[in-house]
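Worksheet: one structure, shown below.
In this note's numbering, the protein residues as written are 20 to 301.
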């Protein structure tokens, strides 16, 4: 059977009009046709390499029925101007069907500056909302049931204080931490690789990243403690292959750094989320 397939493939190849090498949108070389022979060449094992949905190695998804079982969270990255304006944006999003919220912070907040610092002139409330205190968090999420929506925060260098503000604001409104769901990006290595929005040197920054991971694993069980982000690397010029490679390398570093503290990998790794760009061709 294998010999017949090889012979048939060679004959088929002769009859094709073009022998030109083609590439995917990610610049990966493509064969003109794929057959079971390609899997045999790779030593493909169905259960070990593909498996069933919801089972290791999770190639076909982390849940048996995936979106049929649990629909994707619908959220729009948003926030600008004042805390009151952002609150109104969030309420409008929920009214239109959003099941999650994604908070955009202005650059001063991302870099750890208070809004009244002279160095932030012209940047406060631009490209995101300014968050300087617990009171800001209270206003941003005022009138929103935090037990029914998940709160995503695209924040990295100052993740620890910003998350603390959110938790205190929620607690003062009567929410138990155990009921809160959400995500912090907390991906500091990506800042050194692509954006430059870091505050501290790499090692102290990694310590803070693992501080957040450990704290959330112990006290906020529904919280995604890190979102490994390749989107900015792609925007900075990485190829799709480089983007995925660096995302995996960053994730390995975060996991390794946290495990060194004596934290079992199964206590936190399932709360790592991913934000790739990959085939987002511009």
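For every residue, glycine included, the Cβ atom is placed at its ideal position computed from N, Cα and C.
- Looking from the CA of residue 75, the closest CA among 289, 294, 62, 297 belongs to 289.
- In this chain, the alpha helix (DSSP H) harbouring residue 263 covers 259 to 278.
- Relative to residue 197, the option among 211, 169, 258, 214 whose CA is nearest is 169.
- Rounded to the nearest angstrom, the Cβ distance from residue 246 to residue 202 is 5 Å, consistent with a contact under 8 Å.
- The C-alpha of residue 107 lies about 21 Å from the C-alpha of residue 142.
- Under DSSP, the beta-bridge partners assigned to residue 49 are 41.
- A distance below 8 Å separates the beta carbons of residue 69 and residue 78.
- The criterion of a C-beta distance shorter than 8 Å is not satisfied by residue 146 and residue 134.
- Residues of the same chain with a CB within less than 8 Å of the CB of residue 132, apart from the 5 flanking positions on each side, are 138, 139 in chain order.
- Here residue 44 is exposed. Its C-beta has fewer than 16 other C-beta atoms within 10 Å.
- In the displayed model, residue 118 falls within coil according to three-state DSSP, outside both helix and strand.
- In this structure, DSSP gives residue 243 an extended state, which the three-state scheme calls strand.
- Per DSSP, residue 92 lies in no alpha helix (DSSP H) and is assigned neither H nor E.
- Setting aside the 5 residues that flank it on each side, residue 112 is surrounded in the same chain by 95, 97, 120, each with a C-beta closer than 7 Å to its C-beta; the list follows chain order.
- Proximity of the stretch 212 to 219 to the stretch 149 to 166 falls short of the contact definition, fewer than three beta-carbon pairs being nearer than 8 Å.
- Take residue 157, set aside five residues on each side of it, and the residues of its chain with a beta-carbon closer than 8 Å to its own are 188, 191, 192, in chain order.
- With contacts defined by Cβ atoms closer than 8 Å, residue 102 and residue 159 form a contacting pair.
- For residue 294, the three-state secondary structure derived from DSSP is strand.
- If the five residues before and after residue 155 are omitted, its C-beta is found closer than 6 Å to the C-beta atoms of 102, all from its own chain and listed in chain order.
- A Cβ-Cβ contact shorter than 8 Å links residue 249 with residue 263.
- According to DSSP, residue pairing for residue 171 in a beta bridge involves 121, 202.
- Taking residue 236 as the centre and dropping the five residues before and after it, the same chain places the C-beta of 244, 282, 286, 287, 290 closer than 8 Å to its C-beta, in chain order.
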